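Asks: One structure follows; several queries about it will come next.
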């Protein structure tokens with residue numbers, strides 16, 4: 001009987017394989033369902049931006065050939081520091097020319113203000129005395145000749161010749177008197193005014209030429225770091241063309257291009273938690289500026305799904321705290337799921 005009972009126990013089927021198989025099938029179904037759910041729920045793509053900073057183009061005000069570059073890329077400069085020097089031979093020549101014109105104009109103005117020299121006035125008075133003496137002689141000769149002609153002792157022609165000499169002597173006296181009077185009175189008020197105006201004009205020319213010559217030293221208008229040297233020694237620097245670029249790392253921000261349907265949560269004043277891969281750490285930013293981008297490149301057609309077109313906005317955010325090592329060009333990533 002014991003052997004018969006043992007045979008029945010050996011023939012009883014086990015349910016463990018069936019349970020195990022059911023669990024495997026259930027797990028596979030759950031895994032497939034989770035995969036389908038994940039496929040139906042896409043993971044938000046991180047929002048990627050880039051650091052930027054204020055960059056100043058240090059340019060020449062006047063054209064010239066670069067004589068020297070006094071900075072290198074990576075150097076720190078302060079506002080007013082010289083970064084390059086131009087060779088300006090043409091402008092230096094204009095300065096010399098303007099100074100010569102100023103000296104001539106000043107001398108002319110001084111001469112008009114001081115009046116004639118004593119020697120000129122003495123010579124004019126001597127000429128007047130000679131003219132008066134000649135007139136006295138001509139008048140005396142005229143009286144004698146006129147009396148002789150009336151008595152018929154000389155011809156009428158001789159009388160006319162002496163009369164002409166007397167009239168000529170009178171005109172010489174009048175001219176000499178006018179010259180003496182003009183020298184004694186000095187230059188006219190209009191002449192003095194004109195001479196002074198020419199002197200001021202010449203002084204303005206010197207100031208203008210000197211101002212252009214002072215532009216030989218190209219100075220940085222702002223403090224920052226030299227990020228690029230555009231021109232080098234020996235090259236021609238056109239007016240207004242950048243010689244070096246100076247970036248103010250203290251005035252930096254991150255720029256993001258965000259579709260308008262993704263703007264919620266990025267209002268002005270909102271803090272954003274971001275990651276900077278180049279630094280390997282998280283940095284907090286605060287949004288300070290939102291503006292639509294140009295229409296030519298940021299429209300995205302969504303009429304078939306949403307019934308309207310979506311625009312792209314430029315969002316700028318500054319670091320909440322000063323972060324060492326944060327430089328323009330670095331990537332800034334914001335996790336949309338954690339925003």
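In UniProt numbering, the protein residues as written are 1 to 339.
Where a beta carbon is used, it is the ideal one built from N, C-alpha and C, also for glycine.
A quick note: this is a predicted structure, and the numbers were derived from the prediction, not measured.
Does the beta-carbon distance from residue 177 to residue 128 come in below 9 Å?
Replies: Locating residue 177 in the chain shown gives position 177, counting from the first residue. Locating residue 128 in the chain shown gives position 128, counting from the first residue. Against a cut-off of 9 Å, the Cβ pair of residue 128 and residue 177 comes out as a contact.
Asks: Should residue 155 be labelled buried (16 or more other beta-carbon atoms within 10 Å of its own) or exposed?
Replies: Sequence index remark: in the chain shown, residue 155 carries index 155 (1-based). Exposed, since its Cβ has fewer than 16 Cβ neighbours within 10 Å.
Asks: When the Cα atoms are used, what is the spatial distance from residue 240 to residue 207?
Replies: Against the chain shown, residue 240 aligns to sequence position 240. Against the chain shown, residue 207 aligns to sequence position 207. Cα to Cα, the separation comes out at about 22 Å.
Asks: Please list the terminal residues of the continuous beta strand (DSSP E) segment that includes residue 66.
Replies: Residue numbering aside, residue 66 sits at position 66 when the chain shown is read from its first letter. Run containing residue 66: 64–69, per the beta strand (DSSP E) assignment.
Asks: Would you list the one or two residues that DSSP bridges to residue 91?
Replies: By one-based count along the chain shown, residue 91 stands at place 91. For residue 91, which the question treats as bridged, DSSP gives no partner whatsoever.
Asks: Please state whether DSSP places residue 299 in a helix, a strand or coil.
Replies: On the chain shown, residue 299 is found 299 positions in, with the first residue counted as 1. Note that residue 299 scores a pLDDT of 49, beneath 50, so its modelled location is shaky; the value from the coordinates is reported in the next line. Note: residue 299 maps to coil in three-state DSSP.
Asks: Determine the direct distance from the alpha carbon of residue 132 to that of residue 152, and round the result to whole angstroms.
Replies: Translated into positions along the chain shown, residue 152 becomes position 152. Translated into positions along the chain shown, residue 132 becomes position 132. Those two C-alpha atoms are separated by around 30 Å.
Asks: Mind checking whether residue 47 and residue 311 have CB atoms under 9 Å apart?
Replies: Walking along the chain shown from the start, residue 47 turns up at place 47. Walking along the chain shown from the start, residue 311 turns up at place 311. No, the pair does not count as a contact, with Cβ atoms beyond the cut-off.
Asks: How is the beta strand (DSSP E) around residue 316 delimited, first residue to last?
Replies: Position 316 of the chain shown holds residue 316. First-last of the beta strand (DSSP E) with residue 316: 312–319.
Asks: Contact between the segment 319–336 and the segment 263–277: three or more CB pairs below 8 Å?
Replies: Touching, yes, given that three or more Cβ pairs across the two stretches are closer than 8 Å.
Asks: Tell me the residue span of the beta strand (DSSP E) that contains residue 247.
Replies: The count along the chain shown starts at 1 and reaches residue 247 at position 247. Run containing residue 247: 242–259, per the beta strand (DSSP E) assignment.
Asks: Using only the heavy atoms of the ligand ADP, determine whether one of them is closer than 8 Å to the beta carbon of residue 159.
Replies: Among the components modelled here there is no ligand, and therefore nothing to report on the ligand ADP.
Asks: With distances taken Cα to Cα, identify the nearest neighbour of residue 203 among 249, 104, 167, 79.
Replies: Reading the chain shown from its first residue, position 203 is the one you call residue 203. Checking every option, the nearest Cα to that of residue 203 belongs to 104.
Asks: Note down, in chain order, each residue of its chain lying with its Cβ closer than 6 Å to the Cβ of residue 138, except the 5 sequence neighbours on either side.
Replies: For the purposes of this step, residue 138 is identified with residue 138 of the chain shown, where counting begins at 1. Taken in chain order, the residues that qualify are 165, 166, 169.
Asks: Measuring CA to CA, which of 51, 57, 93, 64 is closest to residue 243?
Replies: Counting from one through the chain shown, the residue named residue 243 turns up at place 243. Measuring from the Cα of residue 243, the nearest candidate turns out to be 57.
Asks: Relative to the alpha-carbon of residue 211, which residue among 96, 181, 158 has its alpha-carbon at the smallest distance?
Replies: On the chain shown, position 211 is the one that residue 211 refers to. Minimum Cα distance to residue 211 is reached at 96.
Asks: Helix, strand or coil: how does DSSP classify residue 19 here?
Replies: As a first step, residue 19 must be located in the chain shown, where it is residue number 19. DSSP places residue 19 in helix when its eight states are reduced to three.
Asks: Is there contact between the segment 80–94 and the segment 253–269, where contact requires at least three CB pairs shorter than 8 Å?
Replies: Touching, no.
Asks: If you scan the segment 159–221 from start to end, which runs of the beta strand (DSSP E) of 3 or more residues do you find wholly inside it?
Replies: Segments of the beta strand (DSSP E) lying fully in the segment 159–221: 217–219.
Asks: On the CB-based measure, 16 or more other CB atoms within 10 Å of its CB, does residue 31 come out buried or exposed?
Replies: Against the chain shown, residue 31 aligns to sequence position 31. It counts as exposed.
Asks: Would you check if the distance between the CB atom of residue 352 and the CB atom of residue 93 is smaller than 9 Å?
Replies: The question about residue 352 has no answer here: the residues shown for the chain are numbered 1 through 339.
Asks: Name, in chain order, the residues that DSSP records as bridge partners for residue 272.
Replies: What you label residue 272 is simply residue 272 of the chain shown in a count that begins at 1. DSSP, once it has assigned bridges, lists 285 as partnering residue 272.
Asks: Among the residues of its own chain, which have a CB less than 6 Å from the CB of residue 196, if the five just before and after it don't count?
Replies: Translated into positions along the chain shown, residue 196 becomes position 196. 109, listed in sequence order.
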